[in-house]
Structures are given as C-alpha cells and as structure tokens.
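Data first, discussion second: the structure below is written as structure tokens.
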Amino acid sequence: MYEKKRFLLKTVFDTARNELPNSSSITSISDYLSSLFEERYNFSRDGKSYKRYYKSLVEKNEDYKIDDLALLYLSKYISYDNFEDFCSRVQLDNDNTETFSLSFKDLSEKFQQIFITVTPTVFFSDVFKKNGLGILEMTFVLLMVTGGVVFSNSKTSKSLGFMSGWGSPATDKPYMYWDKDRYMATDSSSLYSHAEVVPMHSYSFINMKKIMRPDTLTVDNAMGKVWYDKSNNHVEFFTSLGKHPENGKALKDVTEHILETYAGENAIMEE
51 MYEKKRFLLK TVFDTARNEL PNSSSITSIS DYLSSLFEER YNFSRDGKSY KRYYKSLVEK
111 NEDYKIDDLA LLYLSKYISY DNFEDFCSRV QLDNDNTETF SLSFKDLSEK FQQIFITVTP
171 TVFFSDVFKK NGLGILEMTF VLLMVTGGVV FSNSKTSKSL GFMSGWGSPA TDKPYMYWDK
231 DRYMATDSSS LYSHAEVVPM HSYSFINMKK IMRPDTLTVD NAMGKVWYDK SNNHVEFFTS
291 LGKHPENGKA LKDVTEHILE TYAGENAIME E
C-alpha cells in the first residue's frame with residue numbers, strides 16, 4: 051500500500067506540474083492543489099499538507115499516513131473513482147516499473163475495457179498482397195518505419211529504435227509528440243516536421259487520448275470521465291484532464307449541454 055501511495059503522489063504532482071509549466075516548485079504545486087481541490091471538490095487542506103505528503107513519500111521514500119478523504123480526492127484528480135480503484139488498476143513491479151491495466155469503463159457499451167500491452171504485433175499478409183513487396187523490400191520498409199537497426203547474436207538481441215509507440219517501456223524515452231489521437235514516444239527532440247516534441251510526461255502519455263467516436267458518448271457514461279475543448283465552434287473530447295495537446299488550452303469537464311449538443315446522435319465524426 052505504501053508503494054501505491056508513493057506512486058499516487060508522484061503522479062498527482064507530475065500532473066499538476068504539467069498544468070503549471072511556469073511554476074514547478076513543490077511549494078507552488080502544493081498550493082495549487084490546495085486551491086484546486088477546495089474549488090473543485092469543496093475539500094479544504096492547506097498546501098503544507100500536500101508538501102509533507104510529497105516530501106515524505108516521494109523524496110524521502112518514507113511511509114506517511116494520509117487520511118482516506120485526501121486519498122479519495124488525490125485519486126479523483128487523476129481520473130480514478132477512488133483510492134481503491136487506483137490501487138486495483140495500477141500495478142507496480144518489483145523493480146518499481148509501472149505496469150498499468152486501465153479500464154475506460156462505460157465509454158462504450160461495446161468496448162468495456164482497453165488493456166495496454168507491450169508486445170507489438172505486426173500483420174504482414176495484407177501488406178505483401180496489396181503492395182507486392184518481397185522480403186528484401188519489406189526489410190527496408192521496416193527499417194524506415196522503425197528507424198532502428200537490430201543487432202543480434204546467439205545470446206542476446208538488442209534493438210536501437212528512433213521512435214516508440216504507446217505504452218511502457220515507451221515512457222522511458224525522453225520526449226513525446228501528439229499524433230492525431232494519442233501521444234507517441236521518441237528519442238529525438240526534433241522530428242523535422244510540424245509535430246511539436248515535448249518532454250515525456252508519463253501520465254499524459256498513457257491517459258490522454260482523443261475520443262474518435264463521440265457518437266458513443268452519453269450523459270450517463272461520460273459525465274466525470276470525459277473532458278473537452280471547444281475551438282472555432284468545433285468540439286473535441288478527451289479521456290483525461292490537462293491541456294489540449296495541440297492548442298495548449300486547458301480542457302474542461304464535459305457538461306450535459308455539451309454532450310447533448312455535440313455528442314451522441316449529434317456528433318460530427320472526423321475522418
């Protein structure tokens with residue numbers, strides 16, 4: 051339980067730090083959380099309390115007693131129902147590597163859970179058939195796509211990649227960029243393209259997804275679980291709080307009016 055509390059505090063402070071790019075000190079983040087929780091949840095707790103939580107659990111790596119109500123709102127802040135929900139959906143390996151099983155429940159009646167896996171699967175048959183690629187050509191394409199070279203011998207195999215997709219261990223990479231509906235990880239600070247590369251933020255990388263099927267959203271399944279941005283009379287929905295990955299605007303909690311106007315049967319599907 052101590053490890054879960056420690057990771058909860060670390061994730062909460064990382065999330066708040068992302069919302070306060072110009073002020074990243076522990077004191078300023080603690081004061082921000084105090085003000086935000088009082089406004090959002092009517093939960094009063096001074097900034098010094100959050101600072102003590104963080105310094106004891108994260109910096110000193112020592113257990114610290116946190117009352118159940120504080121754990122509840124800390125968990126809600128990063129989109130979990132409560133601390134029990136957080137503990138059940140976040141697993142920590144023995145080497146302190148974070149392994150997630152995130153359940154975006156109720157977002158769709160057809161798809162109840164999304165499991166994050168770390169083993170990529172590539173289906174080649176259609177690619178060969180449609181493009182008539184031979185083995186040599188396909189090898190070249192793979193190297194172009196992955197940007198990597200694989201060195202192997204009888205004992206070990208090591209891959210040096212340029213970019214990585216979604217999920218651990220991609221969060222070990224130093225940078226990420228937004229690609230249509232999710233963040234992608236990369237080793238490079240510049241992709242020489244229109245994509246803006248930003249420092250890796252593990253919580254946003256894992257949790258921030260653009261909802262491409264707003265027609266599945268309803269008041270019952272989206273309230274308190276979905277955030278939105280409205281720009282130029284166009285509404286986009288996301289699975290996490292934070293900032294819009296492209297325009298930088300703070301995402302807002304979805305409302306019944308927004309859902310009834312821009313989601314469900316009134317949703318405009320993007321290509």
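Residues in the sequence shown are numbered from 51 upward in steps of one, following my numbering.
We treat Cβ as the ideally placed atom computed from N, Cα and C, and that holds for glycine.
I need the straight-line Cα distance from R232 to A317, nearest angstrom please. Taking the sequence shown and counting its residues from 1, one reaches residue 232 at position 182. Taking the sequence shown and counting its residues from 1, one reaches residue 317 at position 267. Computed Cα separation, rounded: 20 Å.
Nearest-angstrom Cα separation, counted from S80 out to E134: Walking along the sequence shown from the start, residue 134 turns up at place 84. Walking along the sequence shown from the start, residue 80 turns up at place 30. Approximately 23 Å between the Cα atoms of the pair.
Bridge partners for E286 per DSSP, in chain order? Taking the first residue of the sequence shown as 1, we reach residue 286 at position 236. Bridge partners of E286 according to DSSP: D279.
What separation, rounded to the nearest whole angstrom, lies between the Cα atoms of Y227 and I308? By 1-based counting over the sequence shown, the position of residue 227 is 177. By 1-based counting over the sequence shown, the position of residue 308 is 258. Distance between the alpha carbons of Y227 and I308 is about 28 Å.
Provide the residue(s) that pair with R90 in DSSP beta bridges, ordered along the chain. The residue you call residue 90 lines up with position 40 of the sequence shown. DSSP output for R90 lists no bridge partner at all.
Cβ-based burial, P264 [other Cβ within 10 Å; buried from 16]: Against the sequence shown, residue 264 aligns to sequence position 214. Buried: at least 16 other Cβ atoms inside 10 Å.
Any 3 or more C-beta pairs closer than 8 Å across the stretch 244 to 258 and the stretch 266 to 275: no
Let me know the secondary structure DSSP gives R232 once reduced to three states. Position 182 of the sequence shown holds residue 232. DSSP places R232 in strand when its eight states are reduced to three.
What did DSSP end up calling A272 once you bin it into helix, strand or coil? As a working mapping, residue 272 is identified with position 222 in the sequence shown. It is helical.
Thinking C-alpha only, which one of Y127, S129, M234 is nearest P249? As a first step, residue 249 is located in the sequence shown; it is residue number 199 there, counting from the start. Measuring from the Cα of P249, the nearest candidate turns out to be M234.
Anticipated Cβ contact below 8 Å, I116 with K60, distance rounded: Within the sequence shown, residue 116 is the residue found at index 66, counting from 1. Within the sequence shown, residue 60 is the residue found at index 10, counting from 1. About 13 Å; that fails the 8 Å criterion.
Report all residues from its chain with a CB closer than 7 Å to the CB of C137; omit the five preceding and five following residues, and keep chain order. Within the sequence shown, the letter at position 87 stands for residue 137. Correct list, in chain order: K54.
Enclosing alpha helix (DSSP H) for V62 [first to last residue]: Locating residue 62 in the sequence shown gives position 12, counting from the first residue. Per DSSP, V62 belongs to the alpha helix (DSSP H) from 52 to 69.
Under 8 Å between C-beta atoms of S252 and D64: Along the sequence shown, read from residue 1 onward, the residue named residue 252 stands at position 202. Along the sequence shown, read from residue 1 onward, the residue named residue 64 stands at position 14. Yes, Cβ-Cβ distance for S252 and D64 is below 8 Å.
Quick one: grab the DSSP three-state call for V247. In the sequence shown, residue 247 corresponds to position 197, counting from 1. In this structure, V247 counts as strand in the three-state DSSP scheme.
Taking buried to mean at least 16 other C-beta atoms within 10 Å of its own C-beta, is S125 buried or exposed? Here the question's residue 125 lines up with position 75 in the sequence shown. The residue in question, S125, is buried, as its Cβ has 16 or more Cβ neighbours within 10 Å.
Coil, strand or helix - D303 by DSSP: Locating residue 303 in the sequence shown gives position 253, counting from the first residue. Residue state, collapsed to three classes: strand.
Per-residue DSSP class, three states only, for K110: Taking the first residue of the sequence shown as 1, we reach residue 110 at position 60. Coil at K110, not helix or strand.
Would V62 pass as a contact of Y127 if the rule is Cβ separation under 8 Å? Taking the sequence shown and counting its residues from 1, the one referred to as residue 62 is at position 12. Taking the sequence shown and counting its residues from 1, the one referred to as residue 127 is at position 77. Contact flag set, yes.
Could you tell me the distance, in whole angstroms, from the CA atom of F57 to the CA atom of A300? Translated into the one-based positions of the sequence shown, residue 57 becomes position 7. Translated into the one-based positions of the sequence shown, residue 300 becomes position 250. Their backbone Cα atoms lie some 24 Å apart in a straight line.
Would S129 be called buried (16 or more neighbouring beta carbons within 10 Å of its own) or exposed? Taking the sequence shown and counting its residues from 1, one reaches residue 129 at position 79. Counting Cβ neighbours within 10 Å, S129 comes out buried, since at least 16 surround it.
I'd like to confirm the pairing. Which residues does DSSP put opposite M226 in its beta bridges? Counting from one through the sequence shown, the residue named residue 226 turns up at place 176. M226 pairs with A235, V248.
Look at the alpha carbon of D279 and the alpha carbon of A245, and state the distance between them as a whole number of angstroms. The residue given as residue 279 occupies position 229 in the sequence shown. The residue given as residue 245 occupies position 195 in the sequence shown. Each residue's Cα considered, the two are about 20 Å apart.
From the DSSP secondary-structure annotation, give me the bridge partner or partners of K98. Sequence index remark: in the sequence shown, residue 98 carries index 48 (1-based). Per DSSP, K98 has no beta-bridge partner at all.
With a threshold of 8 Å between beta carbons, is L291 in contact with chain B? Of the protein chains in this structure there is only one, and it is not chain B.
Out of curiosity, what's the CA-to-CA distance linking Y82 and L70? The residue labelled residue 82 in the question sits at position 32 within the sequence shown. The residue labelled residue 70 in the question sits at position 20 within the sequence shown. If you take the alpha carbons of Y82 and L70, they lie about 9 Å apart.
Classify K115 as helix, strand or coil using the three-state DSSP reduction. On the sequence shown, position 65 is the one that residue 115 refers to. Here K115 sits in coil by DSSP.
Please identify the residue among I76, E89, L121, R102 whose C-alpha is closest to the C-alpha of M51. On the sequence shown, position 1 is the one that residue 51 refers to. Out of I76, E89, L121, R102, L121 has the C-alpha closest to the C-alpha of M51.
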